[in-house]
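Asker:
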Amino acid sequence: MRTRTAALVGLALLTLLAGCAALDGGGEREFEGVSYSDGAGPDGFANTTEVLATHQDRLADDSYRVAYNLTYARPGQVANTTTVVASNASQGRQLLDADLPGRTLDRFATPDTRFTRNTFRNQTTVNSQPLGQSMAETHHQEARPGQLLETVVSAPNYTVNRTDTIAGQDVLWYESREASANATGQVPGNVTQLNASVAVDQEGRIWRAELFAVGQTNGTAELFIQEFRIEQVGGVTVERPAWVDGAGE
134 MRTRTAALVG LALLTLLAGC AALDGGGERE FEGVSYSDGA GPDGFANTTE VLATHQDRLA
194 DDSYRVAYNL TYARPGQVAN TTTVVASNAS QGRQLLDADL PGRTLDRFAT PDTRFTRNTF
254 RNQTTVNSQP LGQSMAETHH QEARPGQLLE TVVSAPNYTV NRTDTIAGQD VLWYESREAS
314 ANATGQVPGN VTQLNASVAV DQEGRIWRAE LFAVGQTNGT AELFIQEFRI EQVGGVTVER
374 PAWVDGAGE
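Residue 134 is where the sequence shown starts when you use the numbering used here, and the numbers rise one by one after that.
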């Protein structure tokens with residue numbers, strides 16, 4: 134994901150400088166004999182709340198590993214955030230690794246304890262606290278879409294573009310190629326170009342979601358590249374990280 138993001142950042146910076154569209158959209162296509170997940174249809178996502186809730190429920194049915202990436206750029210500045218979550222409720226383990234601008238955050242959960250490691254300005258702290266809820270609740274909670282995925286799915290005017298297979302699952306790719314000044318979330322205040330793609334399987338899991346938004350906020354050119362992917366469903370083993378030994382239980 135990081136290699137692809139780096140390439141997109143280069144493309145995006147050219148877009149900011151040129152002030153032109155980077156990607157071209159295609160026309161609508163019709164599909165017969167396909168099944169749509171709850172809240173979705175051939176004309177897009179009629180109920181984004183239902184689409185996102187279904188994704189969370191179906192993802193949490195099994196162990197999972199998911200990754201999020203947010204890249205923000207403006208003239209003279211590029212910032213990148215990457216988060217990976219691996220969770221296995223039956224194993225009783227969950228691990229979150231987040232590489233944030235200027236710091237890193239790691240969380241590891243067991244049925245009894247949540248361990249946290251923060252690194253900021255070369256200072257690392259490790260602590261622990263009671264989990265405070267069941268492992269099943271923690272597993273389901275971390276499968277929630279979050280702001281990034283909510284932003285991508287809420288982009289306007291999706292239509293089904295093609296069918297595909299990801300990790301053995303049949304998916305429908307939804308595409309949006311329409312700028313919208315009404316887009317919300319992690320996008321420029323005035324969106325001039327918006328390109329978004331979402332791949333959903335028939336059970337409602339969102340396997341891929343990508344959004345490229347260009348525009349301005351208070352006169353400053355900005356772009357946001359947002360990416361989500363399911364890396365694995367089922368068979369995910371979560372290892373206990375070595376840094377946990379530095380925190381008392």
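We put the beta carbon where it would ideally sit given N, CA and C, even for glycine.
1) Under 8 Å between the Cβ atoms of residue 336 and residue 191?
2) Give the DSSP bridge partners of residue 230, in chain order.
3) Per DSSP, which one or two residues make a beta bridge with residue 327?
4) Looking at the ligand NAP, does it come within less than 7 Å of residue 370, judged from the CB to the closest heavy atom?
5) Give the range of the beta strand (DSSP E) segment to which residue 319 is assigned.
6) Give the DSSP bridge partners of residue 309, in chain order.
7) Under the rule that 16 or more other beta-carbon atoms within 10 Å means buried, what is residue 361, buried or exposed?
8) Evaluate contact between the stretch 301-308 and the stretch 266-278, counting only Cβ atoms and requiring at least three cross-stretch pairs below 8 Å.
9) Quick one: what's residue 185 bridged to in DSSP?
10) Identify whether residue 279 lies in helix, strand or coil by the three-state DSSP scheme.
11) Which one or two residues does DSSP pair with residue 203 in a beta bridge?
12) With distances taken from CA atoms, which of 347, 363, 331 is nearest residue 323?
13) Would you report the Cα separation of residue 280 and residue 185, rounded to the nearest angstrom?
14) Determine which residues share a DSSP beta bridge with residue 250 and list them.
15) Measuring CB to CB, does residue 225 end up less than 8 Å from residue 268?
16) In the structure shown, what three-state DSSP assignment does residue 167 receive?
17) Please work out which residues of its chain come closer than 6 Å, Cβ to Cβ, to residue 218, disregarding the five sequence neighbours upstream and downstream, and give them in chain order.
18) What residue range is occupied by the uninterrupted beta strand (DSSP E) comprising residue 298?
19) Give me the Cβ distance between residue 285 and residue 342, rounded to the nearest whole Å; I'm assuming they're in contact under 8 Å.
20) Suppose you measure from the CA of residue 364 to the CA of residue 338; what does that come to, to the nearest Å?
21) Taking 8 Å as the threshold (beta carbon to beta carbon), is residue 266 in contact with chain E?
22) Keeping to the same chain, check which residues put their C-beta closer than 8 Å to that of residue 264; ignore five residues upstream and five downstream.
23) Name, in chain order, the residues that DSSP records as bridge partners for residue 304.
24) Quick one: Cα of residue 195 to Cα of residue 207, how far?
25) Rounded C-beta distance between residue 203 and residue 288? I'm assuming under 8 Å.
26) Whole angstroms are fine: how far does the CA of residue 367 sit from the CA of residue 357?
Answerer: Considering the structure as presented:
1) yes
2) 217, 239
3) 346
4) Only the bare structure without any ligand can be found here, which leaves the ligand NAP out of the picture.
5) Segment: none, residue 319 is in no beta strand (DSSP E) and carries neither H nor E.
6) 329
7) buried
8) no
9) Beta-bridge pairing links residue 185 to no other residue.
10) helix
11) 214, 359
12) 347
13) 11 Å
14) 239, 259
15) yes
16) coil
17) 199, 229, 275
18) 292-299
19) 4 Å
20) 12 Å
21) Absent from the structure: chain E. Only one protein chain is present.
22) 242, 243, 244, 245, 246, 247, 271
23) 297, 334
24) 39 Å
25) With a Cβ gap of about 15 Å, residue 203 and residue 288 do not count as contacting.
26) 31 Å
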